[in-house]
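A.B. asks:
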Amino acid sequence: MSFLDILKQWRLWIRPVVMVVYGLIIIVLLPFLVAKAVKNGFKKQDQGVLFGSIFVMMALPISLWEIIQHMIHYTKPYLQKHIIRILWMVPIYAVNAWFGLLYPKQSIYVDSLRECYEAYVIYNFLVYLLNYLNSEMDLEANLELKPQVKHIFPLCCLVPWEMGREFVHMCKHGILQYTVVRPLSTFISFICEMSGVYKEGEFRGDAAFPYMIAINNFSQFIAMYCLVLFYRANKVELQPMKPIGKFLCIKAVVFFSFFQGVVIAILVWTNVISSVFDTNDTDNLKDISSKLQDFLICIEMFLAAVAHHFSFSYKPYVNPESEQLSCCSAFLAMWDVSDVHRDIREHLEVVGNSLSRHIRGRGMYRYAAGSATESSRLLVPEVGADNIKSAPARLGDLQTGYYDSMSPTSDVATEAGSYQGVDDVGQSGSCNTTESHKTSPTKYDDSLIDFTDTSPEGDKQFTSSKVS
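Numbering-wise, the working numbering puts 437 at position 444 of the sequence shown, and it's gapless, one number per residue.
As structure tokens, then:
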């Protein structure tokens, strides 16, 4: 058997090979940690490192197993690509926290990677929801038929966003801003730390730490608010994919870990930590607070890995009859971030256009109406034979379901500034909602992904269900 033949059979050997390699790493690493702890006198910090390492070692195989299974059963790339990116959150967080336990003074450098990945996870979760909804229906036309979703506390006094294109755009850009603000604030924090003015854990006017906390907190609030508002508008349509567990996983890991760090910093600042650990040494307190945060994350990542195993399971995507991608294709698709680059570029262009119009006194940029330069990959399907079909009819295609807003709109669509049903796209190339489309409710007699377990072995197969 040639080497190429072995590669073609990667689905048969990838799981045992990864597990064997991981087992060998544990066999080498665990005795090293125990020996190091014994050599240092098995102090409290050594006990914390060893205990946290055990939770990390339990969390990693659970997450890696789920990631590998998604790659093996890579039947719905437009959904699984983003699921795999979300699943990588646990290994990245866990290894980062474990490294922080071992080397607390150097942890800020790897913490930067974790903080940037937070924003990346939020972005992928939004696109995952958009792609799921777009594969089942005409998302924006469906929203136009819905009752107006009003703002919730504490922003209930704001003018509601118009249902349809504007609502999707406002939610999308409200979340995308976090993918820009978080890495930018991380970079600024890194520079401040190198300059000696960051002063982590110190709430003083001459320290950069409280300002960075305030900026990140405000940005996270906007992202979380838009995510909740988007869920409220599409709650019924999202029910088949069991969204509650997925939402809780994202909120708990990304947002809880951030506020947990803030609480620990406040406890240090109010001398609660110093009284508990009986020390007043500033450097020692910073070391303790950093290790405490990393220790808690190590434990939480094990719980998150278990939650992700059930919430983002591979089983609904098991379909032996579906076209299977090669090992390289599945692996490269997981690391392809061109979609992130396009969406962030679009977000910056939209924000720039909005500020420009506001400065010139022409009012804020309206997402619903569009502009001559606006890209709309997440809004307008490309004109072609494949796109004339209804969204459910395209479920079997590998490249469908993408909620794409980067392909440029036509001049007619730009002037009209509204959405047209997919049946008329091939004729006019624009996006205007017809009166007949508005008056006749959308019927979802379509093929959906069934997330219920029907097979004797527990694997969830693709079945057909009816949504009335």
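Where a beta carbon is used, it is the ideal one built from N, C-alpha and C, also for glycine. Because the structure is a prediction, the values reported are computed rather than measured.
(1) Determine, using beta carbons only, whether I85 and R107 come nearer to each other than 8 Å.
(2) For I55, report the span of its alpha helix (DSSP H) as first-last.
(3) Under three-state DSSP, which class holds V13?
(4) Given a cut-off of 8 Å, decide if S46 and W81 are closer than it, judged by their beta-carbon atoms.
(5) Could you give the DSSP three-state label for V247: helix, strand or coil?
(6) Would you identify the three-state DSSP class for V174, choosing helix, strand or coil?
(7) With DSSP run on the structure shown, which of helix, strand or coil describes V330?
(8) Using three-state DSSP, classify V311 as helix, strand or coil.
(9) Per DSSP, what kind of secondary structure is L151 in: helix, strand or coil?
(10) Please identify the residue among Q73, A201, V299 whose C-alpha is closest to the C-alpha of S56.
(11) Here's the rule I'm using: 16 or more other beta-carbon atoms within 10 Å means buried, otherwise exposed. How should A216 be labelled?
(12) Exposed or buried, V31, counting other C-beta atoms within 10 Å across all chains shown (16 or more means buried)?
(13) What number of angstroms, rounded off, separates the C-alpha of Q286 from the C-alpha of I257?
(14) Taking the Cβ atom as the reference point for each residue, do V161 and L132 lie within a distance shorter than 8 Å?
(15) Are the Cβ atoms of R175 and C109 separated by less than 8 Å?
(16) On the premise that V261 lies in contact with G189, defined as a C-beta separation below 8 Å, what is that separation, rounded to the nearest angstrom?
(17) Quick check: what's the CA-CA separation for S462 versus I61?
(18) Rounded to the nearest angstrom, what separates P140 and I181 at their Cα positions?
(19) Less than 8 Å separating the beta-carbons of I337 and L169?
(20) Sorted by chain position, which residues of the same chain lie with C-beta nearer than 6 Å to A200's C-beta, five sequence neighbours on each side aside?
(21) Express the C-alpha separation of P54 and F120 in angstroms, rounding to a whole number.
(22) Whether or not the stretch 342 to 353 and the stretch 88 to 104 are in contact is what I'm after, with contact meaning three or more pairs of Cβ atoms, one per stretch, closer than 8 Å; do they touch?
(23) Taking Y113 as the reference, give the member of S250, T172, L348, D39 with the closest Cα.
(24) Excluding the 5 residues flanking T263 on each side, which residues of the same chain have their C-beta closer than 7 Å to its C-beta?
(25) Grouping DSSP H, G and I as helix and E and B as strand, with all else coil, what is V190?
(26) Between C150, S212, E159, I145, which lies nearest to L177 when the distance is taken from Cα to Cα?
(27) Can you give the Cα-Cα distance for R335 and F295, rounded to whole angstroms?
(28) Write down the C-beta distance between E59 and F305 rounded to the nearest angstrom, noting that I regard them as a contact closer than 8 Å.
(29) With 16 other CB atoms within 10 Å as the buried threshold, where does N124 fall?
(30) Is it right to say L241 is buried, meaning 16 or more other beta carbons lie within 10 angstroms of its own, or is it exposed?
(31) For E230, name the three-state secondary structure that DSSP assigns.
(32) Got a sec? Which residues, its chain only, sit under 6 Å from P203 by beta carbon, not counting five neighbours each side?
(33) Which of helix, strand or coil does DSSP assign to N346?
(34) In chain order, what residues of the same chain have a beta carbon less than 7 Å from the beta carbon of Q73, not counting five sequence neighbours either side?
(35) Tell me whether P70 sits in a helix, a strand or coil according to DSSP, three-state version.
(36) Hey, would you say S283 sits closer than 8 Å to G93, going by beta carbons?
C.D. replies: According to the structure shown:
(1) yes
(2) First-last of the alpha helix (DSSP H) with I55: 37 to 65.
(3) Here V13 sits in helix by DSSP.
(4) No, the pair does not count as a contact, with Cβ atoms beyond the cut-off.
(5) helix
(6) Of the three classes helix, strand and coil, the one that applies to V174 here is helix, per DSSP.
(7) coil
(8) strand
(9) Note: L151 maps to coil in three-state DSSP.
(10) With distances taken between Cα atoms, S56 lies closest to V299.
(11) A216 should be labelled buried.
(12) exposed
(13) 7 Å
(14) yes
(15) yes
(16) With a Cβ gap of about 19 Å, G189 and V261 do not count as contacting.
(17) This structure does not reach residue 462, given that the chain is present from -6 up to 461, and the question cannot be answered.
(18) 43 Å
(19) yes
(20) When the five nearest sequence neighbours on each side are left out, the beta carbons in the same chain lying within less than 6 Å of the beta carbon of A200 are those of K192, in order along the chain.
(21) Rather than Phe, the amino acid found at residue 120 in this sequence is Val. Answer to the nearest angstrom: the Cα atoms are 26 Å apart.
(22) no
(23) T172
(24) none
(25) coil
(26) S212
(27) 33 Å
(28) Taking C-beta atoms under 8 Å as the contact rule, E59 and F305 qualify, at a distance of about 7 Å.
(29) buried
(30) exposed
(31) helix
(32) F196
(33) Residue state, collapsed to three classes: helix.
(34) H63, Y67, Y310
(35) helix
(36) G93 is positioned such that its CB atom lies closer than 8 Å to that of S283.
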